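Q:
Protein chains: 2
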Amino acid sequence: MGWMNNETGLERRTANHVPLTPLSHLRRAAELFGDREALIYGAFRLTYSEYHARVSRLASALENAGISAGDVVAALLPNIPAHAEAHFGVPACGAVLNSINTRLDADTVAYIFDHGEARIVLADTSLLPVVEDAIARMEGPSPRVIEVCDRDAGFTPTGRYQEYEAFLEGGDPEYSWVMPEDEWESLTLNYTSGTTGRPKGVVYHHRGAYLMTMGTLVSWQMTRYPRYLTIVPMFHCNGWNHIWMLPLVAGAVVCCRQPSASEVNRLIDEEGVTHFGGAPILLNMLANAPEEERRTSQHIVQVFTAGAPPPAATLAAVEPLGFNVMQVYGLTETYGHVTESLWREDLWGAEDDERRFRRKARAGVRLPMMEEVEVLAEGGRAVEWDDTDTGEIMHRGNTVMKGYYKDPDASEAAFAGGYFHSGDLAVRDAEGYIRIVDRAKDIIISGGENVSSVSVEDVIARHHSVSLCAVVAKPDEKWGEVPCAFIELKSGHNATEAEIIGFCRTHLAGFMAPKKVVFGELPKTATGKIQKFELRQAAKAL
Amino acid sequence: MGWMNNETGLERRTANHVPLTPLSHLRRAAELFGDREALIYGAFRLTYSEYHARVSRLASALENAGISAGDVVAALLPNIPAHAEAHFGVPACGAVLNSINTRLDADTVAYIFDHGEARIVLADTSLLPVVEDAIARMEGPSPRVIEVCDRDAGFTPTGRYQEYEAFLEGGDPEYSWVMPEDEWESLTLNYTSGTTGRPKGVVYHHRGAYLMTMGTLVSWQMTRYPRYLTIVPMFHCNGWNHIWMLPLVAGAVVCCRQPSASEVNRLIDEEGVTHFGGAPILLNMLANAPEEERRTSQHIVQVFTAGAPPPAATLAAVEPLGFNVMQVYGLTETYGHVTESLWREDLWGAEDDERRFRRKARAGVRLPMMEEVEVLAEGGRAVEWDDTDTGEIMHRGNTVMKGYYKDPDASEAAFAGGYFHSGDLAVRDAEGYIRIVDRAKDIIISGGENVSSVSVEDVIARHHSVSLCAVVAKPDEKWGEVPCAFIELKSGHNATEAEIIGFCRTHLAGFMAPKKVVFGELPKTATGKIQKFELRQAAKAL
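Next comes the structure, spelled out in structure tokens:
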């Protein structure tokens with residue numbers, strides 16, 4: 001401990017210790033880059049000065065509406081400007097933003113409203129039915145609804161609630177922000193999607209979000225004036241903290257209400273998008289887009305993908321289209337990405353596609369704001385770097401949540417032993433890069449052998465007719481469990497169950513090949529993740 | 001304040017709160033970039049793995065030598081590898097690094113040894129005479145000397161002390177570092193050059209150095225693998241914190257023991273240097289280098305300059321040589337640079353040289369790790385953005401020192417009113433960019449009028465025969481004070497006192513023109529700053 005023998009007069013003071021908060025980033029951008037474009041949605045375009053003023057109005061209007069420091073303000077919004085504004089405006093009055101998954105059912109939304117004690121909810125017109133249904137199901141006091149009506153997307157205000165723009169009008173553009181007095185104060189509340197049981201409320205602090213933005217910029221090598229397209233929903237780890245990050249480099253947020261291949265490609269061309277993040281499923285959409293929906297611009301777009309390793313076939317298809325893909329890995333509990341498949345061009349630049357794509361399918365190594373991302377086997381032993389020895393990914397660092405809201409037992413369990421337990425199983429290869437083997441609960445145990453569903457999926461994805469696939473456990477009298485594959489075929493392609501099983505047997509041990517194959521559309525979460533929970537239910541019923 | 005109504009189980013834990021420290025950067029670089037070149041000095045070349053191992057040895061050897069957490073380890077070293085290693089190795093055993101200006105006299109070094117209570121000093125062979133003289137003058141217990149013998153620079157060990165390499169040999173390359181338990185723990189102790197009275201000991205904390213490295217990288221847009229040349233001495237704000245910063249981007253530190261135009265240009269060519277920092281005087285050297293000492297490589301080198309605004313003539317001379325110069329401003333008390341003359345190519349890219357260079361002479365705007373850099377007039381009023389209204393630059397942010405060591409009164413005075421008082425006078429122009437008018441103590445008051453010495457220097461520097469100049473107050477019976485100019489001429493050039501005064505009168509108000517001009521070499525500090533204190537003494541004696 002570096003305390004000198006006389007530290008008199010060396011204590012923290014107002015002048016030398018300022019709580020870290022992402023609010024500082026927008027303040028600085030308004031000061032230095034007030035004239036630069038900040039937030040874009042079709043004809044709606046804000047400079048940093050205007051963005052700052054609208055955020056101030058929002059904070060002021062919330063305070064006028066009775067919101068006090070520490071109160072929860074919820075949002076049920078697509079990736080439209082009001083959602084970005086809420087990321088600054090809600091904390092700027094000292095409140096906590098609870099951005100809710102827009103695909104949840106009313107019952108779950110009601111649970112979240114009650115559990116989080118939301119006092120106000122900013123809701124898109126299209127989501128008012130679920131919000132109203134949820135409010136009707138609530139046990140506690142209901143939140144006041146502010147309607148965000150996206151007229152340009154064809155909506156008409158219901159007339160039942162104050163509209164967001166009118167609400168802002170009542171706020172003061174010169175409002176003096178409530179800055180945190182302690183960087184551990186709560187910033188946002190994000191409910192996990194929770195495949196079983198009730199969702200848990202993950203609490204972020206100001207310090208973590210500040211350090212997430214810094215570490216991400218440094219490691220992703222983002223220089224000034226990026227143009228970032230919002231595909232990752234802002235309700236998912238607060239859009240990976242990017243809304244808070246962009247002012248640091250005077251970047252522009254390009255909003256995208258409804259991502260599709262044609263819309264993404266159009267925005268890349270028209271708005272000069274340089275970066276976006278999205279699940280591999282989105283890359284698939286881009287890869288499979290018909291000629292007339294493809295982008296025409298030539299610049300390389302940096303794409304960060306998460307949720308599942310990008311299949312080699314997808315990488316092979318999107319690279320020639322001008323997308324440079326890097327996989328990142330993280331959880332809601334870690335503010336999003338905390339490892340990245342950091343590309344060493346100096347070492348691997350000359351390798352053939354097969355090797356390159358295999359490397360790119362790794363979750364990779366930790367970003368700078370994380371102190372440790374370990375893979376620990378039973379008893380806390382670090383796994384060998386042999387690509388085989390399997391353990392659970394454990395996290396320690398400044399972008400790990402405060403804990404689960406009103407659930408100290410779950411927090412205690414998640415933090416047992418001084419690490420956050422991810423529940424993800426992984427190996428490390430000879431370079432120390434982490435490869436996710438499976439979610440602990442996604443492992444299939446067949447005849448006593450562990451079958452990694454991810455490994456089987458990797459093989460199936462290489463079949464030329466397969467667009468998407470997922471492998472889950474199907475109960476089996478003889479083997480306990482057997483792998484069962486669910487497959488979406490590419491349009492215009494055909495394949496049979498026997499063909500897929502045969503294909504797997506040529507690439508995998510027999511016990512790893514699926515015993516059953518089902519064709520059809522796969523159920524997905526709002527963030528594009530395949531809902532394995534539903535598939536497991538379906539497999540049981542087969 | 002964003003405390004939610006129930007924060008049970010949401011407290012700081014080992015897993016989610018890690019004290020910020022630059023030590024983390026080297027640990028990560030060794031983990032991720034162990035094979036990359038990290039530290040270079042002629043034939044001496046370390047990878048990040050090797051760097052990490054030698055730093056561990058140093059920390060371990062210091063601990064073996066009786067150094068405990070919080071103890072001070074001093075260094076009197078040029079910019080050679082041992083000095084970089086000390087920046088990590090000393091704190092890695094919990095100790096505090098006190099890097100001492102190598103041009104100080106023995107009496108001042110003795111004062112610093114006594115005041116800082118150094119237990120060990122790492123000293124270059126060339127500096128042993130001053131170290132030994134200093135030790136002889138000390139009042140308290142003397143530090144143990146470890147001799148760093150730079151054989152490649154032609155030195156032979158004295159044989160009187162253990163050598164650095166032998167000292168390292170006794171250390172454990174697998175030593176487990178002492179990481180801070182509180183990010184407010186002391187990291188380094190840097191004595192100000194103090195033009196009057198005894199130097200003051202500025203104490204840095206781990207948090208500040210971490211945030212300095214992050215903020216600098218983000219704002220300077222440094223991407224992976226920079227090659228940084230050490231011209232700024234490491235005893236000056238710990239080399240602007242760059243030694244700690246480079247591992248974050250897996251950069252290489254290229255050591256330069258004795259900067260000269262030919263040496264700097266040689267290292268740019270041979271080592272592919274991409275970045276360096278230095279005083280305008282160094283830029284002058286590069287501008288005036290004869291043809292055979294110029295660089296032959298074509299890439300643009302990013303240069304950060306501080307200490308004084310770069311004269312237009314210097315910028316005009318070095319730009320065609322492939323140097324892109326940005327001025328930064330800061331003080332020892334702010335860990336070095338906290339403002340930068342951030343260049344807006346989008347706004348000013350098409351301007352003529354005269355305008356561009358005038359813009360580049362501004363100190364600019366704050367870097368991201370600073371919360372406020374204000375210019376406040378009497379009574380705390382923020383100055384108008386009119387390039388005229390003058391105030392003192394005041395700092396608030398996370399890269400402001402803890403305070404002055406063992407001098408709570410001086411700390412209290414420096415932090416009065418919630419800001420660190422810089423003592424620098426400045427204006428802000430219509431864009432909000434700060435321009436330094438003068439050090440408070442450098443203002444000349446002539447006939448009741450304030451004369452900015454910087455403004456007069458700016459004009460004199462434009463004279464075609466002038467290489468360097470400084471203007472100070474000369475006592476005067478009639479006017480109180482009058483400006484007095486000290487000038488170094490370019491080699492092969494001549495000028496007379498009357499010619500310089502006449503030149504000034506055509507560009508300045510009469511009362512601002514110097515009344516006296518002295519030609520000759522100017523006294524400079526170790527960091528290349530002109531010693532105005534000495535010139536003021538000289539002016540008094542004229």
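Protein chains in written order, with this note's numbering: chain A, 1 to 542; chain B, 1 to 542. Positions of the beta carbon are idealized from the N, C-alpha and C atoms, including for glycine. Keep in mind it's a predicted model, so treat the numbers as computed, not measured.
Counting along the chain, where does the alpha helix (DSSP H) carrying P280(B) start and finish?
A: Per DSSP, P280(B) belongs to the alpha helix (DSSP H) from 280-287.
Q: Determine the contact status of T102(B) and L127(B), defining contact as a CB-CB distance below 8 Å.
A: Contact: yes.
Q: Among I100(B), A414(B), N324(B), N190(B), whose alpha-carbon lies nearest the alpha-carbon of F357(B)?
A: Nearest C-alpha to F357(B): N324(B).
Q: Give the range of the beta strand (DSSP E) segment to which S186(B) is assigned.
A: Per DSSP, S186(B) belongs to the beta strand (DSSP E) from 186-191.
Q: Roughly how many angstroms lie between the CA atoms of T314(A) and F304(B), to the nearest whole one?
A: The straight-line gap from Cα to Cα measures roughly 43 Å.
Q: List the residues of chain B whose Cβ lies closer than 8 Å to the Cβ of T8(A), in chain order.
A: The contacting residues are K406, P408.
Q: Under 8 Å: do the segment 89-100 of chain B and the segment 58-70 of chain B share three or more Cβ pairs, one atom per stretch?
A: With the cut-off at 8 Å, the segment 89-100 of chain B and the segment 58-70 of chain B touch.
Q: Which whole-angstrom value describes the C-beta separation of Y404(B) and V202(B), a residue pair presumed to lie in contact below a C-beta threshold of 8 Å?
A: Contact holds; Cβ gap of about 6 Å.
Q: Is L20(A) near H206(A), with beta carbons less than 8 Å apart?
A: Cβ atoms of L20(A) and H206(A): closer than 8 Å.
Q: Assuming the contact rule is C-beta atoms closer than 8 Å, Q327(B) and P310(B) should be a hit. Round their C-beta distance to whole Å, please.
A: Their Cβ separation, rounded to whole angstroms, is 6 Å, which keeps Q327(B) and P310(B) in contact under 8 Å.
Q: Could you check if A82(B) is buried or exposed, using at least 16 other CB atoms within 10 Å of its CB as the buried criterion?
A: So A82(B) ends up on the buried side.
Q: Can you list, in chain order, the stretches of the alpha helix (DSSP H) that have 4 or more residues and sit fully within the segment 392-434 of chain B?
A: Entirely contained in the segment 392-434 of chain B, the alpha helix (DSSP H) runs reaching 4 residues are, in chain order, 408-414.
Q: Are there 16 or more other CB atoms within 10 angstroms of the CB of T390(B), so buried, or fewer, so exposed?
A: Burial call: buried.
Q: Tell me whether E557(B) sits in a helix, a strand or coil according to DSSP, three-state version.
A: In the structure as shown, chain B begins at 1 and stops at 542. Residue 557(B) is therefore absent and cannot be evaluated.
Q: Between R295(A) and G322(A), how many whole angstroms is the CB-CB distance? I'm expecting something under 8 Å.
A: Confirmed, about 7 Å.
Q: List the endpoints of the continuous alpha helix (DSSP H) containing R144(A).
A: Here R144(A) belongs to no alpha helix (DSSP H); instead the beta strand (DSSP E) covers 144-148.
Q: In the DSSP assignment, find the beta strand (DSSP E) that holds I444(A) and state where it starts and stops.
A: Where I444(A) is concerned, the enclosing beta strand (DSSP E) stretches over 444-446.
Q: For a quick check, are the C-beta atoms of E163(A) and E147(A) less than 8 Å apart?
A: For E163(A) and E147(A), yes; Cβs fall inside 8 Å.
Q: Assign Y204(A) to one of three DSSP states: helix, strand, or coil.
A: Three-state result, Y204(A): strand.
Q: Alpha carbon to alpha carbon, how far is N16(B) from I120(B)? Give it in angstroms, no decimals.
A: Approximately 36 Å, taken between the alpha carbons.
Q: Which word fits T230(B), buried or exposed, when buried means at least 16 other C-beta atoms lie within 10 angstroms of its C-beta?
A: Classification for T230(B): buried.
Q: Examine chain B for any beta-carbon lying closer than 8 Å to the beta-carbon of V131(A), and answer yes or no.
A: No, its Cβ sits nowhere closer than 8 Å to a Cβ of chain B.
Q: Does any CB atom of chain A fall closer than 8 Å to the CB of F304(B)?
A: False, the Cβ-Cβ gap to chain A never drops below 8 Å.
Q: Can you look up P129(A) in the DSSP assignment and give me helix, strand or coil?
A: P129(A) falls in the helix class under three-state DSSP.
Q: At least one CB of chain B closer than 8 Å to the CB of Q221(A): is that the case?
A: Interface residue, yes.
Q: Against chain B, with Cβ distances strictly below 8 Å, would Y175(A) count as a contact?
A: Cβ-Cβ to chain B under 8 Å: no for Y175(A).
Q: E481(B) by DSSP, collapsed to three states: which one?
A: DSSP places E481(B) in strand when its eight states are reduced to three.
Q: As an exercise, report each continuous beta strand (DSSP E) stretch of at least 3 residues that is fully enclosed by the segment 217-281 of chain B, in chain order.
A: With a minimum length of 3 residues, the continuous beta strand (DSSP E) runs that stay inside the segment 217-281 of chain B are 227-229, 252-254, 275-278.
Q: On the CB-based measure, 16 or more other CB atoms within 10 Å of its CB, does E169(B) come out buried or exposed?
A: With fewer than 16 Cβ atoms within 10 Å of its Cβ, E169(B) is classed as exposed.
Q: So, with DSSP's three-state summary, where would you put F155(B)?
A: Coil at F155(B), not helix or strand.
Q: Check each residue of the segment 417-444 of chain B: if its Cβ is closer than 8 Å to any Cβ of chain A, include it; give the result in chain order.
A: If the cut-off is 8 Å between Cβ atoms, the segment 417-444 of chain B has G418, Y419, F420, G432 near chain A.
Q: What three-state label does DSSP hand T195(B) in the structure shown?
A: The predicted model places T195(B) with a pLDDT of 47, which falls under 50 and marks its position as unreliable, so this point remains unresolved.
Q: Considering only C-alpha positions, which residue in the set Y225(A), F235(A), T14(A), A509(A) is nearest to L97(A)?
A: That would be F235(A), whose Cα lies nearest to the Cα of L97(A).
Q: For a minimum of 4 consecutive residues, which ranges assigned as the alpha helix (DSSP H) are wholly contained in the segment 37-97 of chain B?
A: You should have 48-64, 81-89.
Q: Could you give the C-beta distance for L23(A) and F88(A), rounded to a whole number, given that I count them as a contact under 8 Å?
A: Yes, they are in contact, since the Cβ atoms of L23(A) and F88(A) sit about 6 Å apart, within 8 Å.
Q: Answer with buried or exposed for E521(B), where buried requires no fewer than 16 other C-beta atoms within 10 angstroms of its C-beta.
A: E521(B) is exposed by the Cβ-count criterion.
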